[in-house]
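Line order of the protein sequences matches chains A and B. Under this note's numbering, read the first sequence as residues 727 to 868, first letter to last. Under this note's numbering, read the second sequence as residues 727 to 868, first letter to last. Glycine residues also receive a C-beta, built at the ideal position from the N, C-alpha and C atoms. Step one of this worksheet: look at the structure below.
Number of protein chains: 2
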Amino acid sequence: MKLSTKGQYAVRAMVVIALEEHAGPVPLRMIAGMEDISEQYLEQIFMDLRKEKLVEGVRGAKGGYLLSRPPEKITTGDIVRAVEGPISVVECDHAAGQCERVHICVTRDLWLRVSESMRQVMDDTSLADLAECARERNYKGE
Amino acid sequence: MKLSTKGQYAVRAMVVIALEEHAGPVPLRMIAGMEDISEQYLEQIFMDLRKEKLVEGVRGAKGGYLLSRPPEKITTGDIVRAVEGPISVVECDHAAGQCERVHICVTRDLWLRVSESMRQVMDDTSLADLAECARERNYKGE
DNA sequence: ATTAATCCGAGTATAACGCTCGGTTTTATT
DNA sequence: AATAAAACCGAGCGTTATACTCGGATTAAT
């Protein structure tokens, strides 16, 4: 039931961009330094984020990444889905007709409810919320 | 964010016991057959369930497992915790003083809220609930 | 005595995770 | 024009966790 580091890093990295992009594209090197995450691993993560159109890369010197939507319009659910796939506690097999055994059905309802509750929290928390929270808590580039 | 098969199997197995224990201890072989789960893997799972006092084993011929509390008093949260440890979406490090970086704090709140919402659903669903649901859905030994 | 079961410690193949490496391309700056 | 900083990209790779299996010992009903 654990979120991989990929998902956690992605959210933390996105918060940094939300906080810093006012000064232009935010390079991965900066995020890596601030958050103590491997820059090369971040590259992989940002491939996913870019494919899902959550960020856009600016190449060349002075380049980096920008949010492709205002932070109010990006939820943590969006970010997690981009790097980890569907938010679900079990492999999703609505279609698969292996539902002949009763208890599978019974427990499936349960897992769907659990997954849904996770999604609600994540889809209800935007990057703007996290960024604001970070600012309140004395965030000052240090 | 996926639950391992261990957690899923554990819940399914416990539902079977809840449904069948009126006729005496339920052997793993029976559960394995009904749910199509490896009997030896079930053994491991039931070690955990027993250690957490959710079931008690009856040895010898005609033996098997019984719930050690009425099914109303056993939640799916209890079962999952028994076999997978704490229900949390991140490694729990309240104590660890590595919380100097703001955003860790910011995101930690989020992950705690997500974890808590999962726990609420699981702790609110008892074995009795699942068993009843299974009976309603035409469960008749087949 | 036999058989059906739990109990228990090890081992093991596969897959996922958490990266690293080496390179290409693009662009601002000098 | 040269340099440097950055995104972009494909591959590889060690470690850990998952999802089991194996071989036995013990217990108890028939």
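Nearest neighbour of residue i, chosen from the options [CA to CA]
| i | options | result |
| --- | --- | --- |
| B:Y791 | B:T731, B:L856 and B:M740 | B:M740 |
| A:I763 | A:G786, A:K799 and A:G733 | A:G733 |
| A:E858 | B:S843, B:A808, B:F772 and B:V832 | B:V832 |
| B:I805 | B:A787, B:R861 and B:A854 | B:A854 |
| A:R785 | A:P796, A:E798 and A:E769 | A:E769 |
| B:E798 | B:L729, B:L754, B:A744 and B:A787 | B:A744 |
| A:M727 | B:Y735, B:G789, B:A749 and B:V816 | B:V816 |
| A:V737 | B:W837, B:R738, B:V737 and B:K777 | B:W837 |
| A:D835 | B:R834, B:M848 and B:S841 | B:M848 |
Residues near residue i in its chain [Cβ-Cβ closer than 8 Å; skip 5 each side]
| i | result |
| --- | --- |
| A:E746 | V752 and M756 |
| B:G867 | Reliability of the predicted coordinates at B:G867 is poor, the pLDDT of 46 falling under 50, and the value obtained from them is presented with this limitation in mind. Cβ within range, chain order: n/a, list empty. |
| B:M760 | V742 |
| A:E723 | An answer regarding residue 723 of chain A cannot be provided, because it is not within the stretch 727 to 868 covered by chain A. |
| A:K788 | G750 and P751 |
| A:R861 | L745 |
| A:A821 | For A:A821, the predicted model reports a pLDDT of 47, less than 50, meaning its position is unreliable and no value from the coordinates is stated. |
| B:F772 | A739, L754, V781, G783 and Y791 |
| A:P796 | A854 |
For residue i, the residue or residues it bridges with in DSSP
| i | result |
| --- | --- |
| A:E778 | DSSP, once it has assigned bridges, lists no residue as partnering A:E778. |
| B:S764 | B:S764 is not bridged to any residue. |
| A:L836 | None; A:L836 has no bridge partner. |
| B:G786 | Paired residue(s): none; B:G786 is not in a bridge. |
| B:S852 | B:T801 |
| B:L793 | B:V781 |
Cutoff 7 Å; reference residue i; Cβ partners in own chain excluding five residues on either side
| i | result |
| --- | --- |
| B:K779 | S794 |
| A:R845 | G803 and I813 |
| B:A758 | S764, E765 and L768 |
| A:G823 | The predicted model places A:G823 with a pLDDT of 47, which falls under 50 and marks its position as unreliable; any figure quoted below should be read in that light. So no residue of the chain qualifies. |
| B:S841 | I813, S814 and V815 |
Beta-carbon neighbours of residue i, restricted to chain A and to distances below 9 Å
| i | result |
| --- | --- |
| B:S843 | V840, S843, M844, Q846 and V847 |
Proximal residues of chain B, C-beta to C-beta of residue i below 8 Å
| i | result |
| --- | --- |
| A:I728 | The residue asked about is misnamed: residue 728 of chain A is Lys in this sequence, not Ile. Going along chain B in sequence order, the residues near A:K728 (Cβ under 8 Å) are M727, S814, V815, V816 and E817. |
| A:E792 | One point to set straight first is that residue 792 of chain A is Leu, not Glu, in the sequence displayed. None at all; the shortest Cβ gap to chain B is about 18 Å. |
| A:Q734 | V816, T833 and W837 |
| A:L856 | H829, V832, T833 and L836 |
Residues that residue i contacts on chain B, provided the C-beta gap is smaller than 7 Å
| i | result |
| --- | --- |
| A:T802 | L836 |
Cβ-based neighbour list, residue i, same chain, cut-off 6 Å, excluding 5 preceding and 5 following
| i | result |
| --- | --- |
| B:T851 | T802 |
| B:L775 | V781 and A808 |
| A:L856 | V741 |
Contacts of residue i in chain A (Cβ-Cβ under 8 Å)
| i | result |
| --- | --- |
| B:E769 | Result: empty, since nearest Cβ-Cβ is about 19 Å, beyond 8 Å. |
| B:E810 | M727 |
Neighbouring residues, chain A, relative to residue i (Cβ below 7 Å)
| i | result |
| --- | --- |
| B:A787 | Here the premise fails: no neighbours, minimum Cβ distance about 26 Å. |
Quiz item: Can you list, in chain order, the residues of the region 741-765 of chain A whose Cβ is nearer than 8 Å to any Cβ on chain B?
Solution: Residues V741, V742, M760, E761 and D762.
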